[in-house]
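Worksheet: one structure, shown below.
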Amino acid sequence: MNPAPSTASRLTITRPDDWHLHLRDGAAMAAVLPCSAAQFARAIVMPNLREPITSTAAALAYRQRILAALPEDRPSFTPLMTLYLTDQLAPDEIRRAADAGIVAAKLYPAGATTHSSAGVTDIRKLYPVLEAMQQLGMLLLVHGEVTDPDVDIFDREAVFIDRVMAPLRRDFPALKVVFEHITTREAAQYVAQAGAHTAATITAHHLLYNRNALFMGGLRPHHYCLPVLKRESHRLALVEAATSGSDRFFLGTDSAPHAAALKEASVCGAGCFTALSALELYAEAFEAAGALDKLEGFASHHGPAFYSLPRNPGTLTLERTDWTLPETLPFGDALLKPLRAGQVIGWRVQAG
Ligand code: NCD
Ligand code: ZN
127 MNPAPSTASR
137 LTITRPDDWH
147 LHLRDGAAMA
157 AVLPCSAAQF
167 ARAIVMPNLR
177 EPITSTAAAL
187 AYRQRILAAL
197 PEDRPSFTPL
207 MTLYLTDQLA
217 PDEIRRAADA
227 GIVAAKLYPA
237 GATTHSSAGV
247 TDIRKLYPVL
257 EAMQQLGMLL
267 LVHGEVTDPD
277 VDIFDREAVF
287 IDRVMAPLRR
297 DFPALKVVFE
307 HITTREAAQY
317 VAQAGAHTAA
327 TITAHHLLYN
337 RNALFMGGLR
347 PHHYCLPVLK
357 RESHRLALVE
367 AATSGSDRFF
377 LGTDSAPHAA
387 ALKEASVCGA
397 GCFTALSALE
407 LYAEAFEAAG
417 ALDKLEGFAS
427 HHGPAFYSLP
437 RNPGTLTLER
447 TDWTLPETLP
457 FGDALLKPLR
467 AGQVIGWRVQ
477 AG
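To convert, count from 1 in the sequence shown and add 126; that's my numbering.
Rendered as C-alpha cells:
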C-alpha cells in the first residue's frame, strides 16, 4: 500500500492477527475474548493456564471452550493452539499435536513468568522433542529469559541469547523459532541477523514505554509485565525493528489480563492487558515513529508468512478519533484494568 501521510484521518489495513495472546479460561476468558475477536482474525493462544496445556487433548478441549465463548458478531475468529513444553513431554505428543493442527509449542523456562513453574528446567532435556518439531515443521515459541537468580532481571533476555538461543539455533537450524515479546536491543539485533527461520513478536507496550513507566510518581503495577520494560535505548531499538519493514518482526500483543486486585497487591502479577485497544496502541507507536505505512506489514503480513498461513481476506480500519479508555472492565467476578485506563488514545478501530 502507499505510505499514509501522518495527517491521514483513517488507515485501512489487511485484517491483522495477534501472534501472542493470553486468553485465560472460564468467565475471565469470556470477558476478554470479544476484545481480541473485534480486532484480529486469528490469535496464537498461549498455553500457560493455571493447569498448563501439556497435551493435544487439553489443547483441543481448550480450543472448543474458546470457540463456544465467541461473541455472536465474531463467529469466525480463529484460535491457533499451542502446547506447553515440560521436561516430561514426549516426542509422540508432538506428532499427535501436529496431526491435530496445533501449530506451535511454547518454551517457558521454569519460573520465568506467570504460570511457568511446570516449564522446562534444562533445554537439553527437550532435544528429542525439538527434533520432532523440526521434522514436522511445528514452530517453537520461546519466552527468552534466563531464570538464574544471579542474573539481574534487566539482563535476563540478553543473557538468554548467549546461553540458550544461540546453541538452540546451532543445533536445530531448520526449526522455526519465534523469540516472543522481545524487549532489548540485543534481541532485536540477534533476530535481525539470525536467518530466515528466526522471528520475533513485539508488544505495543514495549514500543510505547520504557522502564520509567514503572515508577512514574509511584509504583505502577499495571505497567509491570515480563520481560520487564527496559531503558529508553532498548525501546528505540524495538521501534526501529518493528518499523524497519523486515518480515521477521511481527505483532504479538502479549495481552495478559490479571484481576486488578491481584495487580494492586503487595505481590503484583506480571502482565499488561492491552487487547481492548491493541491496534490503537500500535498505531500510536508507529505514528510517533513516522512509520504508519509499515503498520500493515507488521500487523497483517509478516506473521502469516512466517507461520506459512494465508493472509486474512478482510480489512480493519483505524480512525483518528480521541476516546477515553474505561477505568475498568468486568472480568468474571473481578475487575480488570486495561493499560491506559481512563486515559485518551488518538486512534480507534472502526466497528465492523
Ligand atoms: C504473561 C501472563 O500473565 O500469562 N505475563 C506477562 O507479564 N507477559 C506471561 C508471559 O507472557 O510472560
Ligand atoms: Zn505472554
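Positions of the beta carbon are idealized from the N, C-alpha and C atoms, including for glycine.
Across the set 366, 401, 448, 259, the C-alpha of 401 shows the shortest separation from the C-alpha of residue 455. DSSP places residue 186 inside the alpha helix (DSSP H), whose first and last residues are 182 to 194. Put simply, the region 245 to 252 touches the region 198 to 215. At least three CB pairs are less than 8 Å apart. The DSSP-derived three-state label of residue 287 is helix. A distance criterion of 8 Å places the beta-carbon of residue 380 in contact range of the ligand ZN, judged by its closest non-hydrogen atom. Sorting 396, 474, 392 by C-alpha distance to the C-alpha of residue 408 places 474 at the top. Not one heavy atom of the ligand ZN lies closer than 8 Å to the C-beta of residue 155. Only residues of its own chain outside the window of five on either side were considered, and among them 304, 374, 432 have a CB closer than 6 Å to the CB of residue 325, listed in chain order. When the Cα atoms are used, residue 233 and residue 254 turn out to be separated by approximately 14 Å.
Counting along the chain, the unbroken alpha helix (DSSP H) around residue 365 starts and ends at 358 to 368. Taking C-beta separations shorter than 6 Å and ignoring five residues to either side along the sequence, the partners of residue 189 in its chain run 205, 207, following chain order. The beta carbon of residue 359 sits closer than 6 Å to no other beta carbon from its chain once the five residues preceding and following it are set aside. Where residue 210 is concerned, the enclosing beta strand (DSSP E) starts and stops at 204 to 210.
Here the alpha carbons of residue 441 and residue 405 stand approximately 13 Å from one another. Residue side-chain check: residue 306 places its Cβ nearer than 8 Å to a non-hydrogen atom of the ligand NCD. A heavy atom of the ligand ZN is found nearer than 8 Å to the CB of residue 148.
Fewer than three beta-carbon pairs drawn from the region 139 to 146 and the region 452 to 468 are found closer than 8 Å, and the two stretches are therefore not classed as touching. DSSP places residue 168 inside the beta strand (DSSP E), whose first and last residues are 168 to 171. Taking the Cα of residue 371 as reference, the smallest distance to any Cα among 419, 334, 339 is reached at 419.
Between residue 314 and residue 266, the C-beta spacing is not below 9 Å.
For residue 172, the CB falls within less than 8 Å of some heavy atom of the ligand ZN.
Looking only at 298, 291, 283, 320, the smallest Cα-Cα distance to residue 309 is reached by 283.
Taking the Cβ atoms as the reference, residue 434 lies roughly 18 Å from residue 141, outside the contact range of under 8 Å. Uninterrupted alpha helix (DSSP H) stretches at least 4 residues long and entirely within the region 293 to 375 occur at 311 to 319, 330 to 334, 358 to 368, given in chain order. With a cut-off of 8 Å, the C-beta of residue 384 is classified as near the ligand NCD, since at least one heavy atom of the ligand falls inside that distance. Counting along the chain, the unbroken alpha helix (DSSP H) around residue 406 starts and ends at 404 to 414. A direct Cα-Cα distance of roughly 6 Å separates residue 173 from residue 209. In terms of Cα proximity to residue 226, the closest of 200, 264, 193 is 264. In the three-state scheme derived from DSSP, where H, G and I count as helix and E and B as strand, residue 142 is classed as coil.
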